[in-house]
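Report on the structure given below.
Protein chains in written order, with the working numbering: chain A, -15 to 137; chain B, -15 to 137.
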């Protein structure tokens, strides 16, 4: 049983979240505000494009990824994201998709600058209901250390 | 004078966009939907947190970055983003910030799989009104080739 502190995290641990259901309305609304390209906001234009239909903005897919990081089970006491590497979006997110996030811990180390937390590096993969990856990246985040561990150092 | 085709892009070129004005209401609304952590949605909780006040979700900052890529001047005929490397968010986005994007072309090469386009690699930096970087990354995108260049190959 884990309490989600840095001390509880082990390399190779996996966490899961989802599904997140993506509606056509949400794809269009998000893109109108942040990425108003025809293949994100106009069904007819999208059908004629190389995408062959509406697809979510990369910014929207990233927002859904961040949303699901808040729901990962078992939970980890993440304080802040430090950055993301090798972010790729190999397949488009489509209206009606159901998205699932998986996180696997790659590395952990104590923070040099923050004694109350540690740095955890993880591989994230967001997949649709067919198992196709729609977003993948390596993320680095700060995770809270157990209070008694901090007191003992 | 450039027409924004792959053939017109040169290593070292720079493009700019902005400002994008970030309101408190937009920060809270975005975070309520995609990243409902207290320091993104609750002013009192945010004031007590290590952030010392409301800050935008990383997903929101990324969405503003994508939004501004659509407005870069001079424009380039970008077809699709292929991915992002070394994405970092060194400073928080705050209510009232005015954000400016700068893109600098690092590399260009023809696409192996798509004769109608080329791959351009660029350094992106999103700064606030004080010049502090709030998001930086290296992005790879497909840019349309000039139609006559395609016909001549």
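Ideal Cβ positions, reconstructed from N, Cα and C, are used throughout, including at glycine. These figures come from a predicted structure and were not determined experimentally.
Worksheet item: Which residues bound the alpha helix (DSSP H) around residue 46 (chain B)?
Response: Against the second chain, residue 46 (chain B) aligns to sequence position 62. First-last of the alpha helix (DSSP H) with residue 46 (chain B): 42 to 53.
Worksheet item: Within 10 angstroms of its Cβ, does residue 57 (chain A) collect 16 or more other Cβ (buried), or is it exposed?
Response: Translated into positions along the first chain, residue 57 (chain A) becomes position 73. With fewer than 16 Cβ atoms within 10 Å of its Cβ, residue 57 (chain A) is classed as exposed.
Item to complete: Report yes if the C-beta distance between residue 35 (chain A) and residue 119 (chain A) is below 8 Å; otherwise report no.
Response: By one-based count along the first chain, residue 35 (chain A) stands at place 51. By one-based count along the first chain, residue 119 (chain A) stands at place 135. No, these two residues do not count as a Cβ contact at 8 Å.
Item to complete: Return no unless some Cβ of chain B is closer than 8 Å to the Cβ of residue 4 (chain A).
Response: Counting from one through the first chain, the residue named residue 4 (chain A) turns up at place 20. Residue 4 (chain A) does not count as touching chain B.
Discussion item. By the 9 Å beta-carbon criterion, what residues does the region 38 to 50 of chain A contribute toward chain B?
Written reply: 41, 42, 43, 44, 46, 47, 48, 49 and 50
Worksheet item: Which ranges would you report for the alpha helix (DSSP H) in the region 70 to 137 of chain A if only whole runs of at least 4 residues count?
Response: 131 to 135
Worksheet entry | Beta carbon proximity, residue 69 (chain A) to chain B, threshold 8 Å | In the first chain, residue 69 (chain A) corresponds to position 85, counting from 1. By this cut-off, residue 69 (chain A) is an interface position.
Worksheet item: Which word fits residue 112 (chain A), buried or exposed, when buried means at least 16 other C-beta atoms lie within 10 angstroms of its C-beta?
Response: Position 128 of the first chain, counting from 1, holds the residue named residue 112 (chain A). It counts as buried.
Item to complete: Taking residue 22 (chain A) as part of the alpha helix (DSSP H), name the residues at either end of that continuous run.
Response: Against the first chain, residue 22 (chain A) aligns to sequence position 38. Taken as a continuous stretch (DSSP letters only), the alpha helix (DSSP H) holding residue 22 (chain A) covers 22 to 25.
Practice prompt. Give the range of the beta strand (DSSP E) segment to which residue -1 (chain B) is assigned.
Written response: Locating residue -1 (chain B) in the second chain gives position 15, counting from the first residue. That run of the beta strand (DSSP E) goes -2 to 5.
Discussion item. Please list, in chain order, the chain A residues whose beta carbon lies closer than 9 Å to that of residue 72 (chain B).
Written reply: Your numbering for residue 72 (chain B) matches position 88 in the second chain. Within chain A, the residues near residue 72 (chain B) are 66, 67 and 68.
Worksheet item: What's the gap between the Cα of residue 50 (chain B) and the Cα of residue 31 (chain B)?
Response: To locate residue 50 (chain B), count along the second chain from 1; it is residue 66. To locate residue 31 (chain B), count along the second chain from 1; it is residue 47. Distance between the alpha carbons of residue 50 (chain B) and residue 31 (chain B): 28 Å.
Worksheet item: What in chain B is Cβ-close to residue -11 (chain A), meaning under 7 Å?
Response: By 1-based counting over the first chain, the position of residue -11 (chain A) is 5. The contacting residues do not exist; residue -11 (chain A) stays about 17 Å from chain B at best.
Worksheet item: Residues of chain B with a CB under 8 Å from the CB of residue 54 (chain A): which are they?
Response: The residue you call residue 54 (chain A) lines up with position 70 of the first chain. Those within 8 Å of residue 54 (chain A) in chain B are 19, 20 and 21.
Worksheet item: With 16 as the cutoff for other CB atoms within 10 Å, does residue 88 (chain A) come out buried or exposed?
Response: Taking the first residue of the first chain as position 1, residue 88 (chain A) is located at position 104. The residue is exposed, with fewer than 16 neighbouring Cβ atoms inside 10 Å.
Worksheet item: Where does residue -11 (chain B) fall in DSSP's three states?
Response: Taking the first residue of the second chain as 1, we reach residue -11 (chain B) at position 5. Three-state DSSP puts residue -11 (chain B) in coil, outside helix and strand.
Worksheet item: Would you call the region -14 to -1 of chain B and the region 80 to 98 of chain B touching, i.e. three or more CB-CB distances under 8 Å?
Response: yes
Discussion item. Can you give me the C-alpha to C-alpha distance between residue 2 (chain A) and residue 84 (chain A), rounded to a whole angstrom?
Written reply: The residue given as residue 2 (chain A) occupies position 18 in the first chain. The residue given as residue 84 (chain A) occupies position 100 in the first chain. Roughly 4 Å between the two C-alpha positions.
Worksheet item: What is the rounded straight-line gap between the Cα of residue 96 (chain A) and the Cα of residue 70 (chain B)?
Response: Sequence index remark: in the first chain, residue 96 (chain A) carries index 112 (1-based). Sequence index remark: in the second chain, residue 70 (chain B) carries index 86 (1-based). If you take the alpha carbons of residue 96 (chain A) and residue 70 (chain B), they lie about 20 Å apart.
Discussion item. What I want to know is whether the C-beta of residue 127 (chain B) ends up closer than 7 Å to one or more non-hydrogen atoms of the ligand COA.
Written reply: This structure lacks the ligand COA; in fact it carries no ligand of any kind.
Worksheet item: Can you name the start and end residues of the alpha helix (DSSP H) that residue 13 (chain A) belongs to?
Response: Here residue 13 (chain A) refers to the residue found at position 29 when the first chain is read from its first residue. Start and end: 8 to 18.
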